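Structure first, commentary second.
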Amino acid sequence: MSDLHSILLGAGCFWCAEAILKDLQGVKSVQSGFAGGTLKNPSYKDVCTGTTGHAEVVKVVYDSQKITDEDLLGIFFTIHDPTQLNRQGNDIGTQYRSVVFGNKTQQKVAQKLIQTFESQKLWAAPVVTALEDETVFWPADESHEDYFARNPENQYCAAIVAPKVAKARKMFRDRLKNR
Ligand SMILES: *[C@@H]1O[C@H](CO)[C@@H](O)[C@H](O)[C@H]1NC(C)=O
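If you're matching positions, the sequence shown starts at 0 in numbering that gives the first Met the number 0 and goes up one per residue.
As structure tokens, then:
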């Protein structure tokens with residue numbers, strides 16, 4: 000039996016989030032794209048200008064029998080820095096904002112996790128992740144599919160994505176599909 004749900008997660012550069020989340024047990028698919036802006040069917044170039052209002056997001060389809068909202072969102076919060084407003088490290092702009100587009104149930108779970116993590120002082124600064132209603136997802140063109148796996152020599156991938164993915168794989172080793 001499976002119980003498929005979907006959610007849009009913005010955690011900065013979508014290449015990172017895709018590479019990490021698609022390895023998790025219970026995650027059926029992860030697709031890179033854009034959400035939350037004004038322009039219809041935006042291109043990567045459009046979104047990179049930072050003026051369309053979109054965030055880089057991944058659409059995650061998951062089986063809640065195998066990975067709960069809480070587990071998935073808990074991992075989302077630890078694979079990026081949710082205290083940085085409109086940036087992740089050197090990636091600066093609203094397109095890199097930390098955001099969850101989900102239904103009310105998913106938003107409530109996220110809100111609870113934020114409270115818990117803040118009370119545990121997981122981060123030195125307050126969480127700025129925006130919790131927003133489900134919205135239109137615009138897939139990025141297919142050159143972004145499996146980007147990290149297909150472009151390991153890309154400078155950004157080698158410098159930024161690879162260490163994040165390695166760290167996440169270590170941290171969530173027991174949750175990976177191919178252990
Ligand atoms: C959110 O979606 C899930 C299924 O994807 C469903 O189980 C849940 O009841 C929904 N919550 C609301 C408030 O619509």
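For each residue, glycine too, the CB sits at the ideal point set by N, CA and C.
Here the structure is a predicted model, which means the values were calculated and not measured.
Quiz item: With respect to 6 Å, is the separation between the Cβ of T48 and the closest non-hydrogen atom of ligand 1 below this value?
Solution: Within the sequence shown, numbered from 1, the residue matching residue 48 stands at position 49. It does not: the Cβ of T48 is nowhere closer than 6 Å to a heavy atom of ligand 1.
Practice problem: Using three-state DSSP, classify P138 as helix, strand or coil. | Solution: Taking the sequence shown and counting its residues from 1, the one referred to as residue 138 is at position 139. Strand.
Quiz item: Considering only C-alpha positions, which residue in the set F147, D90, V57 is nearest to L7?
Solution: Mapped onto the sequence shown, residue 7 falls at position 8. When each option's Cα is compared against that of L7, the closest is V57.
Self-check item: Three CB pairs or more closer than 8 Å across the segment 93-102 and the segment 125-143
Solution: The segment 93-102 and the segment 125-143 touch, with no fewer than 3 CB-CB distances between them shorter than 8 Å.
Exercise. From the DSSP output, in three-state form, read off I66 for me.
Key: Your numbering for residue 66 matches position 67 in the sequence shown. In the structure shown, I66 sits in coil (DSSP, three-state: anything other than H, G, I, E or B).
Quiz item: Nearest to T93 by CA position, among E144, T37, D173, V26, is which residue?
Solution: The count along the sequence shown starts at 1 and reaches residue 93 at position 94. Among E144, T37, D173, V26, the Cα nearest to that of T93 is on T37.
Quiz item: Looking at the unbroken alpha helix (DSSP H) that takes in A34, where does it start and where does it end?
Solution: The residue given as residue 34 occupies position 35 in the sequence shown. First-last for A34: 26-34, but that is the beta strand (DSSP E), not the alpha helix (DSSP H).
Quiz item: If we ignore side chains and look at the alpha-carbon of each, how far apart do T82 and A158 end up?
Solution: As a first step, residue 82 must be located in the sequence shown, where it is residue number 83. As a first step, residue 158 must be located in the sequence shown, where it is residue number 159. Straight-line measurement puts the Cα of A158 at about 22 Å from the Cα of T82.
Exercise. Would you mind sorting V60 into buried or exposed? The rule is 16 or more other CB atoms within 10 Å of its CB.
Key: As a position in the sequence shown, residue 60 is number 61, starting the count at 1. So V60 counts as exposed.
Practice problem: List the endpoints of the continuous beta strand (DSSP E) containing S97. | Solution: Residue numbering aside, residue 97 sits at position 98 when the sequence shown is read from its first letter. Element bounds for S97: 97-100.
Quiz item: How many angstroms separate the CA atom of T51 from the CA atom of D62?
Solution: Position 52 of the sequence shown, counting from 1, holds the residue named residue 51. Position 63 of the sequence shown, counting from 1, holds the residue named residue 62. Using only the alpha carbons, I get a separation of about 32 Å.
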